[in-house]
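Notes follow once the structure below has been shown.
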Amino acid sequence: MALLNFKRRDASASPSVNPAVEAFLRDYSIEVMPRTAEKVEDFRSLLPEGTRVYIAHIEGTPIQEMVATAKRLNEDGFAVMPHFPARIIKDRDTLKDWIARYQGEANVSQALLLAGGVDSPHGDFDSSMQLMETGLFDEAGFKRLHVAGHPEGNRDIDADGSMKNVSAALRWKNDFQSRTDAQLAIATQFAFDAKPIIKWADGIAAEGITLPVHIGIAGPAKLQTLIKFAIACGVGPSLKVLQKRAMDVTKLLLPYEPMDVVSQLADHKAANPDFNVTHVHFFPLGGIKTNANWAIENGGSSATPANA
């Protein structure tokens, strides 16, 4: 099964590392869940020192498991950014308790605020904006807050397929940065085609949105896995990239790798230094180790593991 074998090699010695990609992957981030983190014996053998690690909070995951994962990653020297999904947080007291637990037990000072993937709120909150308006993150001295972005729209927010509501929410969040001491940025849903990403990023910049964009990229995975996640997450136009690949029998059994979209964005960034996409955020849909090893093979010095 050599086709599925992701071997790590010494990136610094590889002549194939694209300098633009190497620069683009600098300070990349990655997402884990408590159950996926448990499968990783040593994060420091996979991720660069200080990597920002988001911890996805899926409905039903006990807060103690989230905090324990955050504590482990913090002790390993990583910048921990847990999700705060508004619709699964019962009330202000619960939010305050979560913040206190993360700070007191895991030294967390940054968070991704999002509505969350449930249809009906469990309590008082429906959106990330309501979480921000509580003022609790400011009171706790959080240094960084990230909010969600959707380069291809979000049917949960705009059922008509437009970008009206998601764009209005981004404008509100952009204005909010003047009311907080925390640094704000947009962390986006993943996409598979650079063209819609560039068009969207240029569009929000033209609207006066100055928040830097951390673009979501799906890590290497089986094609069937990616298509399943893409449909579930509402990825739109760029899904055609996967569908076209699925029709090519010579590629059907090969794992998808994100080099095309990453290299195109990297080249665009190199040619346009003011491009508002400043970082890559990986969704390791094919596994954390697989994603990290891909970065090591293609990211040169930007992906050198902490223990290397």
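With my numbering applied, the sequence shown closes on residue 334, and no number is skipped along the way.
Every residue gets a Cβ at the ideal spot worked out from N, C-alpha and C, and that includes glycine.
On a predicted model such as this, the values are computed, not experimentally measured, just so you know.
For residue i, the residue or residues it bridges with in DSSP
i	result
A247	Y282
S55	R78, H307
G326	Its beta-bridge partners do not exist; DSSP assigns none.
Close Cβ partners of residue i (< 6 Å) along its chain, the five nearest in sequence each way excluded
i	result
L99	V79, V106
Q209	R170
Where residue i falls: helix, strand or coil (DSSP)
i	result
F110	strand
T276	With a pLDDT of 48 at T276, under the threshold of 50, the modelled position of this residue cannot be trusted; read the value that follows with caution. Correct three-state label for T276: coil.
R170	strand
F104	coil
E91	helix
I314	helix
H176	coil
V288	helix
H148	coil
G242	strand
T236	coil
P222	helix
E64	coil
Outcome for residue i when other beta-carbon atoms lying within 10 angstroms are tallied against a minimum of 16
i	result
E346	Outside the shown range of the chain (27 to 334) lies residue 346, about which nothing can therefore be said.
P88	exposed
P299	exposed
Same chain only: Cβ atoms within 8 Å of residue i, ignoring 5 sequence neighbours per side
i	result
D293	A46
L140	H109, F110, P111, A112, S154, V173, A174
A220	D286, V287, Q290, L291, H294
Extent of the continuous beta strand (DSSP E) run through residue i
i	result
A137	136–140
Q209	209–216
Element boundaries [alpha helix (DSSP H), containing residue i]
i	result
L157	154–159
L121	118–132
R162	As written in the sequence, residue 162 is Leu, which differs from the Arg given in the question. First-last of the alpha helix (DSSP H) with L162: 162–165.
Close Cβ partners of residue i (< 7 Å) along its chain, the five nearest in sequence each way excluded
i	result
A247	P281, Y282, L311, G312
A329	A37, L51, P74, A321, I322
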